[in-house]
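These notes are about the structure you will find just below.
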């Protein structure tokens with residue numbers, strides 16, 4: 002049987018991993034009697050942990066939120082994971098400064114063996130190309146939007162960098178979800194004036210007060226928020242995550258040369274100097290133009306719409322090549 006101090010730490014760790022525990026389950030996990038569980042729960046309460054008792058066939062316990070934050074318990078792997086998460090979040094334009102301060106606080110209270118492991122971490126965060134437009138978001142706006150989503154209250158806001166000063170009518174919405182998509186924050190809401198779902202960039206939202214009446218939440222088409230958002234940003238029908246236009250070509254390049262630039266496409270090697278690429282886009286013309294960047298011979302496998310898009314681009318580029326405009 003564990004010593005009392007060690008057993009208390011294990012008990013506290015279990016209470017933090019699940020919302021409700023029955024007394025019998027805790028006794029079984031700790032290999033002690035239910036009576037000893039009750040005594041240990043009393044000791045943790047004396048240390049300031051707000052542990053609630055709930056009624057039921059076997060009775061149970063719940064670590065409740067208190068008016069102050071008691072000491073938290075993490076095992077070694079949890080502590081390292083927390084430090085890694087904070088280290089990554091320190092590059093965020095939204096919570097980077099707070100994450101860096103939290104990481105410094107966590108590092109100070111770590112045992113020497115864990116602090117040594119964390120200090121050995123050498124992480125360089127590199128933003129993918131195309132993420133330069135990610136704008137910082139005011140954490141207070143995020144919290145305000147979270148509150149109205151939780152309370153299911155109608156939200157009015159000015160939208161756009163100059164909307165607050167141009168006299169534009171505020172948007173009237175039923176806010177449903179905060180979405181993080183490719184380093185950008187979005188609000189998914191039902192637009193009352195357009196009678197449809199809309200996504201709004203949070204950095205462009207200026208909430209108005211007070212909020213409006215409460216509403217009954219709607220279900221997004223298809224029932225899956227992740228699928229709905231991915232479909233919206235890819236110009237699809239709101240129920241599928243794949244691109245609306247998807248084609249297959251053979252490139253006169255080795256698969257190893259194509260794969261780093263295939264984005265979410267699929268590359269299949271056909272030999273040392275040829276490969277098959279499956280790629281998608283929001284339009285056939287956009288897909289053809291995207292494939293042209295590989296600067297090699299292209300054989301279209303299908304579908305026919307992709308052949309037509311290449312023909313249209315060929316005509317357009319030929320016309321452009323014959324056009325000269327004096328500087």
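Numbering (the numbering used here), first residue to last: 2 to 328.
Each residue gets a CB set at the ideal place from its N, CA and C atoms; glycine is no exception.
Everything numeric in this text was worked out from a predicted model, so none of it was measured.
Could you tell me the alpha carbon to alpha carbon distance between residue i and residue j, rounded to whole angstroms?
i, j, result
"residue 292", "residue 249", "10 Å"
"residue 317", "residue 253", "24 Å"
"residue 185", "residue 205", "11 Å"
"residue 49", "residue 27", "20 Å"
"residue 320", "residue 243", "33 Å"
"residue 76", "residue 144", "30 Å"
"residue 54", "residue 177", "33 Å"
"residue 18", "residue 138", "31 Å"
"residue 68", "residue 52", "Per-residue confidence for residue 68 stands at a pLDDT of 42, beneath the threshold of 50, marking its modelled position as unreliable; the derived number appears in the next sentence. Their backbone Cα atoms lie some 13 Å apart in a straight line."
"residue 21", "residue 11", "16 Å"
"residue 219", "residue 175", "9 Å"
"residue 191", "residue 199", "6 Å"
"residue 106", "residue 230", "36 Å"
"residue 33", "residue 114", "31 Å"
"residue 307", "residue 286", "8 Å"
"residue 311", "residue 269", "22 Å"
Let me make sure I understand the geometry here. Which of the options has the alpha-carbon closest to that of residue i?
i, options, result
"residue 279", "297, 258, 302", "302"
"residue 195", "185, 172, 210", "172"
"residue 202", "140, 7, 188", "188"
"residue 121", "142, 96, 84", "84"
"residue 156", "111, 210, 103", "210"
"residue 79", "14, 39, 34, 37", "14"
"residue 262", "315, 295, 236", "295"
In terms of residues, what are the limits of the beta strand (DSSP E) holding residue i?
i, result
"residue 301", "299-303"
"residue 257", "Residue 257 -> not in any beta strand (DSSP E); alpha helix (DSSP H) instead, spanning 256-259."
Who are residue i's beta bridge partners in DSSP?
i, result
"residue 159", "207"
"residue 281", "247"
"residue 197", "192"
"residue 180", "187"
"residue 62", "22, 54"
"residue 252", "276, 299"
"residue 269", "277"
"residue 175", "191"
"residue 154", "215"
Write down the C-beta distance between residue i and residue j rounded to the nearest angstrom, noting that I regard them as a contact closer than 8 Å.
i, j, result
"residue 276", "residue 259", "5 Å"
"residue 45", "residue 87", "Not confirmed; about 27 Å, so no contact."
Could you tell me whether the Cβ of residue i comes closer than 8 Å to any Cβ of chain C?
i, result
"residue 144", "Considering every chain present, this structure includes no chain C. It has just one protein chain."
For the alpha helix (DSSP H) that contains residue i, what are its first and last residues?
i, result
"residue 236", "Careful: residue 236 lies outside any alpha helix (DSSP H) and carries neither H nor E."
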